[in-house]
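Worksheet: the structure to be examined is printed underneath.
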Amino acid sequence: MQFSNYKKPDKPVIQRRKINFLFVILFGIFIVILIKLINIQIIDSEKYKIAARKQYENKIVLSPYRGLIYDRNMNVLVSNSFEYSFAADPNMVDKPEQAAELFSRAFGKSKEEYLSKLTSQNTSFIYLERRVDASKTCGLDTLKFNGVIVLKEPKRVYNYGNLASQIVGFTNAENKGQTGIELSMQDELSGKDGFVIMQRDGKGNNRPSLDFPRKDPENGNNVVLTLDVNIQRFAEEELAAGVKNYNADGGKVVVLSVKTGEILAMSSNPTFDPNNIASADTSGMKNAVISDIYEPGSTFKLVTAAASLEEKIEDKNSVIETDNLNEIKGLNITDVHGAASMTFQQVIEQSSNVGFSKISLQLGSERFYKYARDFGFGIYNGVELPGENKGLLKRPVDFSSVSLPYMSIGYEVLVNAMQISNAYAAIANKGTMMKSYIVKKEFGNNNNIIFEAVPTTIRQVVSEKTASILTSLFTGVVERGTGTDAKIEGISIAGKTGTAQRLVNGEYSNSSHNSSFVGYFPADNPQMLITVILNNPKSGEYYGGKVAAPIFKNIANRIINFTGKTNIASNDFVNVNYSKSNINVQELSDLNDRKILIPNLVNLKLEDAKELLTESNIKFEIIDSTDTKSNNNENGNPVITKFVESQLPIANEKIIWDENLKVRIVVRSSTVPDDRLVIVPEVKNLSLRKAINLLLSGGFDVFINGSGKILEQSPLPGTKQLPGCKIILYCKNQ
Numbered sequence: 030m031q032f033s034n035y036k037k038p039d040k041p042v043i044q045r046r047k048i049n050f051l052f053v054i055l056f057g058i059f060i061v062i063l064i065k066l067i068n069i070q071i072i073d074s075e076k077y078k079i080a081a082r083k084q085y086e087n088k089i090v091l092s093p094y095r096g097l098i099y100d101r102n103m104n105v106l107v108s109n110s111f112e113y114s115f116a117a118d119p120n121m122v123d124k125p126e127q128a129a130e131l132f133s134r135a136f137g138k139s140k141e142e143y144l145s146k147l148t149s150q151n152t153s154f155i156y157l158e159r160r161v162d163a164s165k166t167c168g169l170d171t172l173k174f175n176g177v178i179v180l181k182e183p184k185r186v187y188n189y190g191n192l193a194s195q196i197v198g199f200t201n202a203e204n205k206g207q208t209g210i211e212l213s214m215q216d217e218l219s220g221k222d223g224f225v226i227m228q229r230d231g232k233g234n235n236r237p238s239l240d241f242p243r244k245d246p247e248n249g250n251n252v253v254l255t256l257d258v259n260i261q262r263f264a265e266e267e268l269a270a271g272v273k274n275y276n277a278d279g280g281k282v283v284v285l286s287v288k289t290g291e292i293l294a295m296s297s298n299p300t301f302d303p304n305n306i307a308s309a310d311t312s313g314m315k316n317a318v319i320s321d322i323y324e325p326g327s328t329f330k331l332v333t334a335a336a337s338l339e340e341k342i343e344d345k346n347s348v349i350e351t352d353n354l355n356e357i358k359g360l361n362i363t364d365v366h367g368a369a370s371m372t373f374q375q376v377i378e379q380s381s382n383v384g385f386s387k388i389s390l391q392l393g394s395e396r397f398y399k400y401a402r403d404f405g406f407g408i409y410n411g412v413e414l415p416g417e418n419k420g421l422l423k424r425p426v427d428f429s430s431v432s433l434p435y436m437s438i439g440y441e442v443l444v445n446a447m448q449i450s451n452a453y454a455a456i457a458n459k460g461t462m463m464k465s466y467i468v469k470k471e472f473g474n475n476n477n478i479i480f481e482a483v484p485t486t487i488r489q490v491v492s493e494k495t496a497s498i499l500t501s502l503f504t505g506v507v508e509r510g511t512g513t514d515a516k517i518e519g520i521s522i523a524g525k526t527g528t529a530q531r532l533v534n535g536e537y538s539n540s541s542h543n544s545s546f547v548g549y550f551p552a553d554n555p556q557m558l559i560t561v562i563l564n565n566p567k568s569g570e571y572y573g574g575k576v577a578a579p580i581f582k583n584i585a586n587r588i589i590n591f592t593g594k595t596n597i598a599s600n601d602f603v604n605v606n607y608s609k610s611n612i613n614v615q616e617l618s619d620l621n622d623r624k625i626l627i628p629n630l631v632n633l634k635l636e637d638a639k640e641l642l643t644e645s646n647i648k649f650e651i652i653d654s655t656d657t658k659s660n661n662n663e664n665g666n667p668v669i670t671k672f673v674e675s676q677l678p679i680a681n682e683k684i685i686w687d688e689n690l691k692v693r694i695v696v697r698s699s700t701v702p703d704d705r706l707v708i709v710p711e712v713k714n715l716s717l718r719k720a721i722n723l724l725l726s727g728g729f730d731v732f733i734n735g736s737g738k739i740l741e742q743s744p745l746p747g748t749k750q751l752p753g754c755k756i757i758l759y760c761k762n763q
């Protein structure tokens, strides 16, 4: 073979090809990178910005203060305090063993329990302790561990304990309303969260920055109720005594202002303490006044009586055959206090079942239903509380052959205690039904009025003449009839008794009853109505006139003694704050209703104690033996913080509140060794941005007062402070 014609390529040609090939590869890589950069910088820039911010930004929610709840005389029923919660980001904790040991000693739990939480995997947030009373933190709230978070969480304080607890309700661990006014006015009371964006450093600590936004929280609005704590206490105490005396399963009480519809007191027994939910009786959390329905018995005879008078079927002197038995379609209706015949007045005074059942047949189903409906039965009242049950009022088309006579005496109908109260209040108010309400006013943090209730007329149920006749008849019930145990010397009372058999296993029981009394006074110019209901009294007596009427009398007597007999008949009765007036108060114990619970301040940081007292509207005096001319103690170590050492009045003592009440607190100073301190740098001549960065790098927190040039700083430069100390920069535009 001959290769004489073959010519070997020159080396430069081969090198150029390699270079070109390499260039193509590099160019391709460049294009790929360029496309990726365009994608990152332009197309998906926002996504990557958000991802980057998450690495060093932390949004902290700023919780608002929940609005206060007052009674009608501005006694604080519900106020605010705070508790501490301790949490951790296990990814940031650098000394889990040390932290676990400290928490174990502080709270008496095993070190292993805390260590397990502090070293948890796949989580960036875990609670170590939740909602610890501020006086029991053992100083842990002032310590700083990388990755350990101290949260100051608001909590509600119910200053009167069990009193009115079913009305005000309670909040959960997240400070959200669960029952009562706390629930129904959650939006108004809760306020709006704020936030601050913090810069997170490599150790997981949050630091403020001027470059990040901040929105302050909006505190909740305050609510004033129509309740009077004095009347509420009278009602609750006498109801509880009655439940005990008559061995009842429970009871209900309502006190209404007849002319306005304002609820002055409302309670059911048992109650509960919203300050101690964990051990509370859950059955006491329900407001049975509006949520429990029952067959009312004779108090429902109001409907038949009012309708027959208004329709002119009967008058006060009409004679009705009441031969102790009325048999209708096999149903026997009998009387306890029977007679061959009675006048209409006697039928009411003796609560004759036979008489009312016969009157109802003359009235007819349609008219009976109309008046029952007009009196508010079978419909919602709309009171500003959750859980209202409208009861059951059958339509005439659903009546059986015995429904009308049975309903006329308070069976085959289901009502709640509020409906019965409203119906009788309409008669007391000259036939005009008022809307009952419990929220009197709502105002903001600047005392600006947001809402103020006014009495609202619902309808004219019966004429003023009919109402006047009924009031005189109900006065006879107390003077001569079944309600004589409600009689009060010197005060005219109008009222009606009620006793109803209860259904037990589907049958009406002869040994289980609902016993009630509804009354209002003074009968000649009614101002106040009281309804008392006992569930299944088992002491032997069970008639409403024998067990409920005495409770009514006791409540009414205490109210009259507290306000004075001359005031009780005043048309301006409900607008007077009797706990502040110079009336002759016969029950000195009634001053207990002005008492507030003194919070526990011992071991709190001074600023926290001051905040707590200010929130509770309590003045204070600070006694401090520390040399106020120096920031150093006798050993030369700086005073880091001050704690409450003792207080007077002591914690949890109930004190009568007035505007001059003052709590005296003695504080102690806490110091630290010199080797744990950091020198505060001079930042007066620096730009605001440089000053903040310098202070943050030194481990200090920064608070800026004003804007512009830095004029002063506190603490002073050169002093030694603990890392985390707040440095205040006072600025002003030049």
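The sequence shown finishes on residue 763 if you use the numbering used here, and the numbering steps up by one all the way, no holes. Idealized CB from N, CA, C, for every residue including glycine. Computed from a prediction, not measured in an experiment: that's the story for all the values here.
A straight line joining the alpha-carbon of I292 with that of R693 spans about 37 Å.
In the three-state scheme derived from DSSP, where H, G and I count as helix and E and B as strand, E350 is classed as strand. In summary, M103 is exposed, with fewer than 16 beta-carbon neighbours lying within 10 Å of its beta-carbon over all protein chains present. Rounded to the nearest whole angstrom, the CA to CA distance from N120 to G176 is 7 Å.
Between the C-alpha atoms of I449 and L642 there is a straight-line separation of about 42 Å. Between E640 and M314, the alpha-carbon positions lie close to 30 Å from each other.
Two segments are said to touch when three or more pairs of C-beta atoms, one from each, lie closer than 8 Å; by this definition the region 576–583 touches the region 259–278. Per DSSP, I292 is one residue of the beta strand (DSSP E) stretching across 292–298. Under the DSSP assignment, S320 falls in the alpha helix (DSSP H) whose first and last residues are 317–320. By the neighbour-count definition (other C-beta atoms within 10 Å, threshold 16), A307 is an exposed residue.
By the Cβ rule, the region 314–328 counts as touching the region 194–205, because three or more pairs are nearer than 8 Å. Beyond the five residues adjoining it in sequence on each side, T351 comes within less than 8 Å, by CB distance, of D364, G367, A368, A369, S370, M371, V376, S381, V383, G384, K387 in the same chain, given in chain order. Taking the Cα positions, E247 is about 24 Å away from I178.
About 7 Å separates the beta carbons of R95 and R185, which is inside the 8 Å limit, making them a contact pair. About 37 Å separates the CB atoms of K648 and K713; that is not less than 8 Å, and the two are not in contact. In the structure shown, F729 adopts coil according to DSSP, grouped into three states. Checking the DSSP bridge columns, you'll see R488 partnered with M462.
The C-beta distance from F329 to G439 rounds to 4 Å, short enough to fall under 8 Å.
For N590, the enclosing alpha helix (DSSP H) has its first and last residue at 573–592.
Along the length of the region 373–445, whole alpha helix (DSSP H) runs at least 4 residues long occupy 373–378, 382–392, 394–403, 432–437, reported in chain order. Annotated three-state conformation of S145 is helix, per DSSP. In the DSSP annotation of this structure, P183 is not part of any alpha helix (DSSP H); the continuous beta strand (DSSP E) holding it starts and ends at 177–187.
In this structure, T528 places its C-beta atom within 7 Å of the C-beta atom of G326. Using a Cβ distance threshold of 7 Å, K671 and V696 count as a contacting pair. Residue state for A482 is assigned as coil, using DSSP reduced to three classes.
Taking a cut-off of 8 Å for Cβ pairs, the region 281–290 and the region 541–561 touch, as three or more such pairs fall below it. Straight through space, the alpha carbons of E339 and K423 are spaced by roughly 22 Å. L256 sits close to A193, with the two beta carbons spaced by under 7 Å. In the three-state DSSP reduction, G548 falls in the strand class (E or B). P566 and P303 have their C-alpha atoms some 27 Å from each other. In the DSSP assignment, S213 falls within the alpha helix (DSSP H) that extends over 209–213. Looking at the DSSP output, V506 sits in no beta bridge, so it has no partner there. N298 and S568 have their C-alpha atoms some 17 Å from each other.
Residue pairing by DSSP places Q742 opposite L758 in a beta bridge. The region 492–507 and the region 522–536 touch, with three or more beta-carbon pairs separated by less than 8 Å. With 16 or more other CB atoms across the displayed protein chains lying within 10 angstroms of its CB, K469 is buried.
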